[in-house]
Each structure stands twice: as C-alpha cells, then as structure tokens.
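Q:
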Amino acid sequence: MKFTIFQKSRQGPRPHNQDSIAYSYSKDALLVVVADGMGGHLHGEIAARFATQMLTEAFQREANPFLNDPFAFLVEHINAVQTAILDYAANKELLETPRTTLVVAIMQHDELYCVHVGDSRLYHLRDGKVIFCTEDHSKVQLLFRKGLISKDDLPRHPERNKVYNCLGASTPPQPELAIKRALRPGDIVMLCTDGLWSQLEEEELAEMLSRGAVTDTLPGLMDLAELRAGKYGDNSSAIALNWGDSDSMQNLPEISTATMPMDIKTTIMVLPPERGEDEASQIVVSDTSEDDLSDEYIESSIAEIQAAIKKTLSK
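With UniProt numbering, letter number 192 in the sequence shown gets 192, and the count goes up by one each step, no holes.
#1: So which of F66, Q11, F71 has the shortest CA-CA distance to L196?
#2: Would you call L31 buried or exposed, if buried means 16 or more other Cβ atoms sit within 10 Å of its Cβ?
#3: What separation, rounded to the nearest whole angstrom, lies between the Cα atoms of N235 and V75?
#4: Identify the continuous beta strand (DSSP E) that holds residue 395 and give its terminal residues.
#5: Where do the ends of the alpha helix (DSSP H) carrying G220 lie?
#6: Entirely within the segment 138-196 and at least 4 residues each: give me those alpha helix (DSSP H) ranges in chain order.
#7: Work out the CA separation of K146 and A280 for me, nearest whole Å.
#8: Could you say which of I239, M262, P261 lies nearest to I268 if we only look at CA atoms?
#9: Residues in the same chain with beta-carbon distance under 7 Å from E226, minus the five sequence neighbours each way, listed in chain order, please.
#10: Measure the alpha-carbon distance for H124 versus W243 and round it to whole angstroms.
#11: Could you tell me the distance, in whole angstroms, from the CA atom of G230 to the CA atom of M222?
#12: How is I264 classed by DSSP in three states: helix, strand or coil?
#13: Figure out for me which residue from Q108, A182, P173 has the closest Cα to the Cα of D69.
#14: Leaving aside the five residues before and after I5 along the sequence, list all residues of the same chain whose C-beta is less than 6 Å from its C-beta, in chain order.
#15: Can you tell me where the alpha helix (DSSP H) holding H77 begins and where it ends?
#16: State the DSSP-derived secondary structure class of G44, mapped to helix, strand or coil.
#17: Look at the Cβ atom of D127, then the Cβ atom of G212, and state whether they are nearer than 9 Å.
#18: Please check the pair K2 and S198, which I expect to be a contact at CB under 8 Å, by giving their CB distance rounded to whole angstroms.
#19: Contact between the segment 97-117 and the segment 32-51: three or more CB pairs below 8 Å?
#20: Going by CA-CA distance only, name the one from L94, V104, A72 that's closest to residue 316.
#21: Which residue wins for smallest C-alpha separation from A178, given the options P65, F132, N79?
#22: M107 by DSSP, collapsed to three states: which one?
#23: Looking at the unbroken alpha helix (DSSP H) that takes in A206, where does it start and where does it end?
#24: Does the segment 111-119 come close enough to the segment 161-173 to have 3 or more Cβ pairs within less than 8 Å?
#25: Looking only at C-alpha atoms, which of I46, F73, E93 sits nearest to E57?
#26: Can you tell me whether P261 is buried or exposed, with buried defined as 16 or more other CB within 10 angstroms of its CB?
#27: If you draw a straight line from the C-alpha of E62 to the C-alpha of Q18, how long is it?
#28: Identify the continuous beta strand (DSSP E) that holds R14 and give its terminal residues.
#29: For the candidate residues L191, I264, P175, L200, whose alpha-carbon lies nearest to that of V214?
#30: Just grab the DSSP bridge partners of D234 for me.
#31: With burial defined as no fewer than 16 other Cβ atoms inside 10 Å of the residue's Cβ, what is the status of S286: buried or exposed?
#32: In the structure shown, what three-state DSSP assignment does S120 receive?
#33: Label G220 either buried or exposed according to how many other C-beta atoms from any shown protein chain fall within 10 Å of its C-beta, with 16 as the threshold for buried.
#34: When you compare each of A51, I85, S210 to T171 by their alpha carbons, which one comes out closest?
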C-alpha cells in the first residue's frame, strides 16, 4: 500500500478552531477522518475531538492489519461516538450537547469505503475529474433534491448552514454509506469541511487538486478558499491523498507500508496552530503536545474526554 498524504487545518477569522482531523494506517489499511464541530452549538470542538480520537483508537485496535468489514466497523464506532458525546454532556451538565459533522474513509486492498454524517465531504478524483462526491445532509440539499431551489441558489440560500444529520443531537445519527469504490493508481481522495468546499466550484477544485502531488496542490486550494471567504470565513480543514504509484507522482515523499510489521500501526492527528503561527505542514508528522484550542476550558477538558472515551469502551 502506497500513498502520498497531506493534511491541514486553518482557523480563519473564527475565534476558535472547531475542526478535528486525523489519519491512521496499518500495513494494509488506511483510515482518514474529518470532523467539523458545529459552531451553532456549544463546544462543537469537543464533539469533533471525540469523533477523530475514538475512530482512530478503534482502528488501532481492530485493523490487524486490515478490517474484515469496514462499513460495519464505521457504523459501530460512529454510534459509539454518539454515546460518548451524550454521556459527556450529561456528566458535565452542559446546557447543550456538543455536535459535529463527520466524514470518514477506509482504504484497503485498493478499495474505498466512505461513511458521512452532515455536510463534511469526500471527493474521489480520477483523470482530473470528480467521479464521486458525498451528498450533504443539509436543508438546502434537501430543497435542491426536491426541485424547490436551483443549483445556483445553493451557495446564497439563507439556510445553507442548517444540517439535519449530525453527531451529538438527541436524534441518533443516520450514517450514510457510500457504495464501495475501486481505487486506481493516481486517484486522488480528499475529505474536507464546508469551510473549504463552500468557496469552490467543483470543476476548479478538481483542476487545481489534479495539478500534481497533494502536498503541493492542497495548500493553494485552501489559500483560494480562505481568500474568497474573507472576514466571514469559517474554519477550513482537509486531508487529501494521491493513491498508489503513478507516473506523475515520481520522486515524491510517499508512505509505503510494504515493509511495515503486521502489528504496527501509526496515527497522525494534526492539531491546528493558533492563527498567525507557522502553518508549515509535513507529509508525516508526529503527535504533538501543542493544543489546537485556545479556549482554556476546552484545553482542560482533554483529559476528561479521554476518560469518557475509556468509560464508553468499557461498557
């Protein structure tokens, strides 16, 4: 299994970064997860952190070195995240339960498995074109599907940010399972929050991302989205990867698991820097102790999140 991967999370003009992104891989499988804590609800970053941390930890336990049923794995642990968030809110007596969107993918044996909840997206690109994109669980997408608004109305609709399916709500999430997809060498897969995709046309996203390695193309894509959003922009986060060997991907820093021991797994959870700090990214980074959340309350909650996760797993 070979891939070139790049991830970045930007705070933008918002006071805090409520996104959480991570990936984890074994010898034969790769998990990528992007969660967007919902800003219209209290402490969305907590829900997002639950999602990325619980899914990567579950992958570490169960990918030996691949998953027997990726879709069953994802649905089971998405439901576990929901339980952990609700338990955390009850134990902390929060006035409102933290909520988050989620898009997560597993890649193994040259196949792509994707599940999402909300309006964070997965794009699958081949030969410079988007051949698959998840469909948002949002009110405007529902109106569009029913023919009540046009495609041109979507970006400007006053209710464009309303999501009807998420983690953390009193109503259980309804994870949407995409059809299993074949991966070919040179394919590009990107998972991202609405802070990125909402500022870009699908055609320009595909064209820019396909110009070369994602290590070079994704930063420019995020620069453009941030420029267009201006002072009203959101947090924007993405993980993109070039899959397998390709003539256009020669001499790139890639991850190869060919010689990786069967019982070894690696998780990379990038904690976004504070606004104004150096945002230089690496293809492979180690875990860092620097927290991505400037709110002291959130920082002090990390240990409690860990404890809540362990409690959920022990049930």
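All residues carry an ideal CB built from backbone N, CA and C; glycine is no exception. Nothing here was measured: the structure is a model prediction, and the numbers come from that model.
A: Reading off the structure:
#1: Q11
#2: buried
#3: 26 Å
#4: There is simply no residue 395 to check, as the chain begins at 1 and stops at 315 in what is shown.
#5: 214-229
#6: 139-145
#7: A caution first: A280 carries a pLDDT of 33, below 50, which makes its placement in the model unreliable, though a value can still be read off. The alpha-carbon atoms of A280 and K146 are separated by roughly 43 Å.
#8: I239
#9: R10, G12, G233, S236
#10: 11 Å
#11: 12 Å
#12: coil
#13: Q108
#14: L241
#15: 70-92
#16: helix
#17: no
#18: Not really, about 32 Å apart at Cβ, beyond 8 Å.
#19: yes
#20: This structure cannot speak to residue 316, because the chain is shown only from 1 to 315.
#21: F132
#22: strand
#23: 202-209
#24: yes
#25: F73
#26: exposed
#27: 28 Å
#28: That residue, R14, is in no beta strand (DSSP E); it is neither H nor E in DSSP.
#29: L191
#30: Partner(s): none; D234 has no beta bridge.
#31: Unreliable positioning characterises S286 in this predicted model, as indicated by a pLDDT of 27, which lies under 50. A coordinate reading is not provided.
#32: coil
#33: exposed
#34: I85
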